[in-house]
Amino acid sequence: MASFSGYLPYAFALIIAIPFLVLLRQFVFTYIRLKEQEIKLLTVKSNTGNKTQSYERMTLFMERLKPSHLIQRFDKDLAVHEFIFLTEKNINEEFDYNASQQLYITKNSWKNIVDSKNAIIELLHKTYSEISGNATLDEFKTIFIMNFINGEDYISATIEDLRREILIIT
2 MASFSGYLPY AFALIIAIPF LVLLRQFVFT YIRLKEQEIK LLTVKSNTGN KTQSYERMTL
62 FMERLKPSHL IQRFDKDLAV HEFIFLTEKN INEEFDYNAS QQLYITKNSW KNIVDSKNAI
122 IELLHKTYSE ISGNATLDEF KTIFIMNFIN GEDYISATIE DLRREILIIT
């Protein structure tokens with residue numbers, strides 16, 4: 002028994018130290034988990050800024066695709082086929098410039114944007130094929146706008162989808 006009493010202070014210290022070490026371990030793991038959550042939250046916040054800018058840029062692109070804006074872009078002395086060529090080139094260049102925004106936009110919205118762009122280009126060509134070869138540029142522009150108005154307003158629908166999605170993100 003005498004030999005056991007010599008170890009009694011060590012046993013007492015061990016009984017005190019074990020709960021302290023367990024609590025210290027829990028504290029360290031909780032602290033690490035909270036720091037990881039903080040880093041994730043900061044990453045999400047910075048990514049939200051990129052997403053917001055992407056939605057803004059693509060909304061601006063969609064606004065520029067509206068025929069009322071397209072018809073005002075070039076000189077009135079152009080031939081109809083020159084206007085169509087320049088307009089299509091302008092649309093494709095602006096689209097290519099904004100193509101990186103698809104990283105931040107949902108697949109559905111990006112598909113709607115691409116479909117709207119293609120539909121406007123198709124409408125340009127369809128309107129050109131419908132008019133007579135000697136129509137003036139002003140007549141072409143009028144018919145182009147009327148064809149757009151009489152059809153489905155896919156540009157406004159796409160802009161509305163972008164608005165809904167940005168409200169969800171922010």
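Residues in the sequence shown are numbered consecutively from 2, following this note's numbering. Glycine residues also receive a C-beta, built at the ideal position from the N, C-alpha and C atoms. This structure is a prediction, so every number in the text was calculated from the model and none was measured.
Could you say which of the options lies nearest to residue i if we only look at CA atoms?
i: residue 111; options: 168, 160, 7 and 50; result: 160
i: residue 139; options: 27, 53 and 84; result: 84
i: residue 51; options: 121, 101, 154 and 155; result: 101
i: residue 68; options: 123, 168 and 9; result: 123
i: residue 54; options: 99, 88 and 27; result: 99
i: residue 163; options: 137, 119, 90 and 103; result: 103
Tell me which residue opens and which closes the alpha helix (DSSP H) that residue i is part of.
i: residue 205; result: No answer is possible for residue 205: it lies beyond the span of the chain, which begins at 2 and ends at 171.
i: residue 162; result: 155–170
Hey, residue i and residue j are a contact pair by Cβ (cut 8 angstroms); roughly how many whole angstroms apart?
i: residue 141; j: residue 132; result: 6 angstroms
i: residue 166; j: residue 56; result: 7 angstroms
i: residue 121; j: residue 66; result: 5 angstroms
Legend entry - Start-end ranges of the alpha helix (DSSP H) lying completely within the stretch 65–115, minimum 4 residues: Given a length threshold of 4 residues, each whole run of the alpha helix (DSSP H) inside the stretch 65–115 is given here in chain order: 68–71 and 81–98.
Inset, instruction - Could you tell me whether the stretch 108–126 touches the stretch 73–83, using the rule of 3 or more Cβ pairs below 8 angstroms? - result: Touching, no, given that fewer than three Cβ pairs across the two stretches are closer than 8 angstroms.
Inset, instruction - Evaluate the contact criterion for the stretch 62–76 versus the stretch 88–99: three or more CB pairs, one atom per stretch, below 8 angstroms. - result: Enough Cβ pairs lie closer than 8 angstroms, so yes.
Inset, instruction - Examine the Cβ distances between the stretch 117–132 and the stretch 6–15 and report whether three or more of them are shorter than 8 angstroms. - result: In short, these stretches do not touch, since the Cβ pair count stays below three.
Inset, instruction - Entirely within the stretch 8–61 and at least 4 residues each: give me those alpha helix (DSSP H) ranges in chain order. - result: Runs found: none.
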